[in-house]
Every structure is written in structure tokens, then in C-alpha cells.
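A quick write-up on the structure given underneath.
Protein chains: 2
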Amino acid sequence: MTLLQGLKILDLTRVMAGPFATALLADLGAEVVKLEPPQGDDYRHIGPFVQGESALFTLMNRGKQSLVLDLKDPAARTTARALALSCDVVVENFRPGVAGRLGLGPDLRDEKPALIYASISGFGQTGPDAHLPAYDLVAQAMSGLMDANGEAGGKPLKVGEALGDLMAGLYAGWAILAALYRRNATGQGATIDVAMFDALFSLLPTGHALQFYAGRAPQRVGNRHPLSTPFGCFTCADGQAVIAVLGDRQWQALCTLIARPDLLADPDLASDAGRTEQEPRVRTAIEAWTGTRQVAAVVAALAEAGIPAARVQTLAEAAASPHAQARRLVTPLPHAVLGQAPTIGQPVWFDGQKPVAPCSAPGLGAHTAALLARIQARHDH
Amino acid sequence: MTLLQGLKILDLTRVMAGPFATALLADLGAEVVKLEPPQGDDYRHIGPFVQGESALFTLMNRGKQSLVLDLKDPAARTTARALALSCDVVVENFRPGVAGRLGLGPDLRDEKPALIYASISGFGQTGPDAHLPAYDLVAQAMSGLMDANGEAGGKPLKVGEALGDLMAGLYAGWAILAALYRRNATGQGATIDVAMFDALFSLLPTGHALQFYAGRAPQRVGNRHPLSTPFGCFTCADGQAVIAVLGDRQWQALCTLIARPDLLADPDLASDAGRTEQEPRVRTAIEAWTGTRQVAAVVAALAEAGIPAARVQTLAEAAASPHAQARRLVTPLPHAVLGQAPTIGQPVWFDGQKPVAPCSAPGLGAHTAALLARIQARHDH
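Protein chains in written order, with my numbering: chain S, 161 to 541; chain B, 161 to 541.
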């Protein structure tokens, strides 16, 4: 059986954070019914599009069933409520308060205490900023993440992916699974409240150590290491390589490799502190060597010398590597319009298998008739 | 009861990825026994230090018990194995193969099929790159994350936090909890394999959409939005604010707010595409207005006008905000040496509570005697 076989989830979410949470659970075999308004999830209308299908919607909604209901209609709200009460888990990422006004709020648990009800939002269901909109940019800015990211001496930089959404989604799935553990022991469900802001703040331990223990504000360091030098990204003839020299022994190995005994003999560069102070000089010397060599040759020579190094890969290079193929990072899944849809499933291997949903995202309302018939049949019995 | 009450975890992990996974589970009430070598987890020896205690170790090991065993001693290995077989979950983040050589590998499940055995590594337990070291820098470089992060036109940039470690840890906890769901239904445990590389690759959906659907390599955009302008970080009199103008209606509101009817009337700036093309001119106009105002005034005026905006907060500002206080982002926990240790627990609220471990990290071997006595007593019975 799949890991989450028999687990029924009503998915009221849209755009990214909530859909990501439930897609990961669908990969493990949960039955996810995605309730959409007649116009569909907003993400169906966001590009890039292929044959009219939104790539992001397709990626984020693999393995789900689509049920279209117009929740402005009271009869549809009654149907949705009945469906919610027949599930193990309800997930929503409306603005705080909206789900309740639709009759689909956490008070569903008054009727079914075993229900696990999870809300995902920008800033949580409580607190003075709970009303702020769930924009990833805003969550990154306010959480401290942007302040930690960027070049040394540069401006705060948004991370190049919507990490606020993704982290809230991943934590939501984690929390739902933890609540299922307790439900198994006690029969009791849970009301779960996950915020993008809280999630991002919790993921900055390097900054926490400096700020809350050493009493120093963390500084942006770009590709540098706060303590070790040389460390970071170096230009090679055909691309970039990262090199991490951690400690004096690796420094010796590096100087030997690049045939610079003069650097090794220089007392100013004998310690990490000294090398950090003279970073530009160290970098110039290394790039004089890397700049005339291919990335592959640089990485191989450094590995031979016992120094951590790697190619900075584009997404296409990462996906095409023999390792990525062996780890099945990209899975083609059947899709009604696209035929096959490349899918990046959950990344964990269980018992030598990598579980991914059996099919890609559904067409809008593709399962409405079947699901309504099922709900009706349940009602008639 | 706590969410994970009664769940017993043997934690063989060190440094960051594994300890982060188990700390999150300790927050939810799992009993985590951390097995350390006589010299302790390497992280005990990494600064910054306060009163001789490592801040990062303290943050990453809240709520755990410390058991010191020297696994070079065959008798200690027998003890560790007995302990592992008495637990629900074993977590390790050695290099692939090391745990097995210590008699603590996934073949523990031959003896106890219900055991959940989780391995965390840089590149997984299988595949041609499985031997590569689990450096965060290497995982970020090879996964495509670095290539997605950085200024437009700049170099690939490591994200300013060890996201490879943290994501592998968070996914590991998620996978363990999913395996517990199946164990409840079937009695069957699981062998789990989480890689930093796979985890980071799975967290780049914006790039996946471009690369695998639109066939375009994703480009670094810094603080810019790929489609909307103005969007990003703007200099105010006393700091930085992010501003997100999404669509023409918000552009009109912005031009009205900053009293620039000329921009609004300019046909070159009438569309997102036009504004994106003329971004420097748009930025200059906005910063002429923001640059003479305090961040708080800028954010308030934009909110009033219906335009998403926020202060770029340092970690200290984020933690001190009334909202962060209401959401209890930082929890002081009792610590044997430090008295109180500021702790950033798991970020999710359950049933109106925020569960965090009851105490901070243990002293090295603080629980050795008690745990050995318990193992001995179990053996005697």
C-alpha cells in the first residue's frame, strides 16, 4: 500500500503554499479533492502556459481530483461542508476569516472533533499583523530572510524562489502528519495554523546564533563563509565552480595544487583570519588558475586534493546529470491535455522507491460529477 | 498529551540537517535520545560560544537527552544496537555506509521490521554522486538553487542560510511522520533516504515551470519580479522597503500617491511590459519619493493606497515586533549552563498553542547514566 493510503483530504487551497502542501501528500498516496471556484484556482491563469495549461498549476496540483463548486451558492456550501466532514483533513489558505464565512472554517471540528483542520496564511490566524497579505516578497522582507541574503555590502535580496510559500506548505504537511499521529492515539483531531512569516523566521539558525547568543547582527556575506577563506564561487573557463577551503590543511593542499608555494609561505595568509582579511588577493590567485581551466577539470583536481568543490549547475544541468536521473528527480506523469507532464515530486525515497503521484494535475472540474454522485450516495444511505 | 507523546527516537545525527529534524520532533513531544561520541557532536565545538556553550548546538538540540557512547568499543555498539531496537525511529546523517559499519544501519529492520530508519545525506544513499560530501555549499551549487539566487546580471549566489541542511532535515521529519501513519495501519516500518541535493531541487518550482514547460532557462532577477514592475526593494530615509505593484490598477494608485500624473500619462509605462523595460526610470521616480520618507511612513501610505509593501526587517527587528511576540517566535528554555537559552522552536500552532520542547540542549552525556541504567533494566527483565 502507499504510505498515506486511505487518507482523505479536502483541499480548499489556491496558488502555491497550500497546493504545495497537498501535492506532497498526494505523492505519498493521500486522496486529495481540490475544491475550485467556477473560474478555477488563480494559478490556472498564471503563465508560462503550454497548450493553454499553466505550468505552475500543473506542477503544484499533481495527483489531485478537481471539484468545481460555486461557494456563493448556499446549496454548494452545504455540499462542501458535507464533503469536509467526510474527510480526515481540511486544508485552506484563504485570508484569515474567509473560510469561516464560507461555513468551512475550523468550527467544522465542533461537529467532527477528529478532523484535522489546517490553515496556511502569510502571518497566521492571530497577532497584530494577521491581516497582512500573504505575498512571498512581504514575508521574506519581514522575516529576516531578505536581510540575510545578498552580496556582502549589497542590498537585502529576495531569495530567487518563493520560499515563504514553499516553507509554509512543507511545514503544514509536517504538522498534519504529526496531528495524524496523535489522532491515532487519542481520536482527537487538531486545528493547525501555519504562517509564512513564522516558518521563514524559524529557518535562520545561523542568524539566530549570532543575534540571540553573540549579540551581533548577522551580516550578508554573499558567497563567502563567515569564518573560512577561500570559500565561494570562482570563475572557470566555461562556468562557475564553488570551492570550500576549510582550515589550514586544505589551504596547504590548494596552494600545492595551484603551484603557489609563495602563498603558502606568506605568514599573512597562514590563518583563516588572515586569508579572510586578504580575500581579494586570495581570489585573484585562485582565479588565475581556475580561469584557464574547464569546471570539470577544476572540480576533479580539487576533489583529488581533498578539497570540497562543485560545478554551479543550472537547473537543466542539475536535472540532466546521471545522479539526478538515478535519483528520479523529474518524473513524467500522464496529463489529459499535455500527454506527459514533467513533474518534480516529493524528494524522499522510502524502501528503495520514490513515491510520486500516479497522474498529473486535473482539468478544471474533471471529477465534479463523480464526486457529487459519491456525496449524494453517502447522503442517501 | 503532546502531539508525539510516547514516540521514541534514537538520534545518531550531528551538525545541522539531522539535529534540525529531530529538534522539530522534540518540540512536538517526541523523546529524542542523542547518541554522541566522547568528544561530542562536532557542533559543540563551533562558535559563536556563550559561556563555553555553542549557540548553534544549543539551538539545534533543544529537548533532547545526551547519551555518550564510544562506538569504537564493541560493547558500546551492542548497547547502541539494543537501544535502537527499543525505539520507534532511528535517524542518522553519517556518510552513506558508515552507520552500517557501526552495526547501526538500516539492517536493524531485519530484526525489527516496524522500525522507521531515516538516513539524511548530501546526495542520497544511491546514485553515482552518493559519495559526495554533504556540504551545504556543494548541495546549493549542484541543485540549481545558487543559479536561481542573486542579482540580475550578477553571479550565482549561495542563499544566506544553510538551506540544504535545513530542507533535508525538514523533509526527513515529514517523511518519518508519514511512515508512522503507515506503520499504524500495517505495522510495517520504513527505510527513508533523504538527500540535500534532491530536497533543494524539489523546491524550485518557478524554475521548473520555465525550464521543463516553457523550455527557457530561468534567469536570476534579484529583487525584481519576472513579469511585474515596479517590484522589489526601495531605499527610504531610514532603511529599505519592499514594494510590489502587481498590475495596472496598483500602478495608477502608486502614481497618484507619489503625485506623478506624468508617469501615469506616459504610454511607455502603461503596461507591465513597458514598465519592466524602463525599470531604472521607474525606480528613480519611486526612490525620489521614498528616499525622503521613513520606512514606516512609506509602508503605511502604500497600505492605505492598496499596494503591498513592507519593511525589510533585520532579524532583531523581526523578533522584536509585536506580531513576533504574539506568535512566540522566540522561547526562552531552561539550560543547565546558560540558565535561559533563547530558542526558536518549530513554527506551527496547534489548537491555539505553540508547542516547543520543555528544555534547551543537554550537556554532553548528561543522561548517560540514567539511560544506561534503563537499558540494563530492560535487559534484565
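No residue lacks a Cβ here, since even glycine has one placed at the ideal position from N, Cα and C.
Chain-ordered chain S contacts of residue i [CB-CB under 8 Å]
i: leucine 326(B); result: Leu363 and Pro365
i: lysine 224(B); result: Near lysine 224(B) there are no residues of chain S at all, since even the closest Cβ is about 15 Å away, more than 8 Å.
i: cysteine 519(B); result: Simply none; closest approach about 17 Å.
i: glycine 265(B); result: Within chain S, no residue comes near glycine 265(B); the closest Cβ sits about 14 Å away, beyond 8 Å.
i: alanine 215(B); result: His368, Ala369, Leu370, Phe372, Tyr373 and Ala374
Own chain, CB closer than 7 Å to residue i, minus 5 neighbours either side, in chain order
i: cysteine 247(S); result: Lys168, Ile169 and Leu170
i: arginine 453(S); result: Cys396 and Ala397
i: arginine 420(B); result: Ala445
i: glycine 265(S); result: Ala259
i: leucine 297(B); result: Lys318
i: proline 502(S); result: Val490 and Pro492
Interface residues of chain B facing residue i [CB-CB closer than 7 Å]
i: threonine 286(S); result: Ala486
i: glutamine 400(S); result: Lys315 and Pro316
i: cysteine 393(S); result: Lys315 and Pro316
i: proline 208(S); result: Ala369, Leu370, Tyr373 and Ala374
i: leucine 489(S); result: Asp358 and Phe361
beta-carbon residue i near the ligand NAP non-hydrogen atom, thresh 7 Å
i: aspartate 201(S); result: Annotation note on the ligand NAP: not contained in the displayed structure, which lists no ligands.
Residue i - DSSP class collapsed to helix/strand/coil
i: phenylalanine 361(B); result: helix
i: glutamine 536(S); result: helix
i: proline 179(S); result: helix
i: leucine 471(B); result: Checking the displayed sequence, the identity of residue 471(B) turns out to be arginine instead of leucine. Arginine 471(B): strand per DSSP, three-state reduction.
i: phenylalanine 542(B); result: Nothing in the structure corresponds to residue 542(B), since chain B is present only between 161 and 541.
i: threonine 528(S); result: helix
i: leucine 493(S); result: strand
i: isoleucine 206(S); result: coil
i: aspartate 187(B); result: helix
i: glycine 392(S); result: strand
i: tyrosine 341(B); result: helix
i: glutamate 464(B); result: helix
i: aspartate 353(B); result: strand
i: alanine 401(S); result: strand
Cβ-Cβ separation, residue j to residue i (assumed contact under 8 Å), whole Å
i: alanine 470(B); j: alanine 401(B); result: 7 Å
i: glutamate 311(B); j: arginine 380(B); result: 7 Å
i: alanine 274(B); j: arginine 343(B); result: 6 Å
i: proline 197(S); j: leucine 231(S); result: 7 Å
i: glutamine 211(B); j: leucine 493(B); result: Not confirmed; about 15 Å, so no contact.
i: valine 250(B); j: leucine 172(B); result: 7 Å
i: glycine 407(B); j: alanine 486(S); result: Contact flag wrong, Cβ pair sits at about 44 Å.
i: aspartate 289(S); j: histidine 483(B); result: 4 Å
i: phenylalanine 394(S); j: glutamate 477(S); result: Rounded, the Cβ-Cβ distance is 17 Å, inconsistent with contact.
i: proline 208(S); j: alanine 369(B); result: 6 Å
i: leucine 364(S); j: isoleucine 276(S); result: Going by Cβ atoms, the distance from leucine 364(S) to isoleucine 276(S) rounds to 28 Å, so no, they are not a contact pair.
Contacts of residue i in chain B (Cβ-Cβ under 8 Å)
i: glutamine 473(S); result: Ala301, Met302, Ser303, Gly304 and Asp307
i: threonine 351(S); result: Phe510, Asp511 and Gly512
i: valine 298(S); result: Val402, Ala404, Pro468, Ala469 and Ala470
i: threonine 452(S); result: By Cβ distance, chain B contributes nothing, its closest Cβ being about 19 Å from threonine 452(S), past 8 Å.
Contact set between residue i and chain B, taken where Cβ atoms lie within less than 9 Å
i: cysteine 396(S); result: Near cysteine 396(S) there are no residues of chain B at all, since even the closest Cβ is about 12 Å away, more than 9 Å.
Amino acids of chain S, ordered along the chain, whose beta-carbon sits closer than 9 Å to that of residue i
i: histidine 527(B); result: Here the premise fails: no neighbours, minimum Cβ distance about 23 Å.
i: valine 442(B); result: Correct list: empty, because the minimum Cβ distance to chain S is about 16 Å.
Beta-carbon contacts of residue i that lie in its chain and below 6 Å, excluding the five residues immediately before and after
i: alanine 177(B); result: Asn253, Ile280, Asp325, Ala328 and Gly329
i: glutamine 300(B); result: Met306, Lys318 and Gly324
i: leucine 337(B); result: none
i: alanine 404(B); result: Phe391 and Pro468
i: leucine 157(S); result: In this structure chain S extends from 161 to 541, so residue 157(S) is not present and cannot be described.
i: alanine 496(B); result: Gly523
i: glutamate 439(S); result: Thr389
i: leucine 184(B); result: Gly333 and Gln506
Which listed residue (the options) has its alpha carbon closest to that of residue i
i: glutamate 437(S); options: Val354(S), Phe391(S), Asp202(S) and Glu213(S); result: Phe391(S)
i: arginine 241(S); options: Asp270(S), Thr218(S), Lys224(S) and Asn221(S); result: Asp270(S)
i: leucine 219(B); options: Ala521(B), Ala526(B), Ala377(B) and Arg534(B); result: Ala521(B)
i: serine 214(S); options: Ala533(B), Leu406(B), Ile535(B) and Ala374(B); result: Ala374(B)
i: serine 362(S); options: Gly451(B), Ala190(B) and Gly505(B); result: Gly505(B)
i: glycine 304(B); options: Arg443(B), Tyr295(B), Pro293(B) and Pro316(B); result: Pro316(B)
i: cysteine 519(S); options: Gly166(S), Ala181(S) and Asp187(S); result: Asp187(S)
i: alanine 359(S); options: Thr182(B), Leu227(B) and Trp509(B); result: Trp509(B)
Residue i at chain C interface by Cβ criterion, 8 Å
i: histidine 368(B); result: The question asks about chain C, but that chain is absent: this structure's protein chains are S and B.
Residues that residue i contacts on chain S, provided the C-beta gap is smaller than 7 Å
i: glycine 382(B); result: Leu317
i: histidine 483(B); result: Phe283, Gly287, Pro288 and Asp289
i: leucine 340(B); result: Tyr341
Contacts around residue i, its chain only, beta-carbon distance under 8 Å, and the 5 residues preceding and following it disregarded
i: glutamine 412(B); result: Leu424
i: arginine 222(S); result: Ala183, Ala186, Asp187, Leu493, Ala501, Thr503, Gly505, Val516, Ala517, Cys519, Ser520 and Ala521
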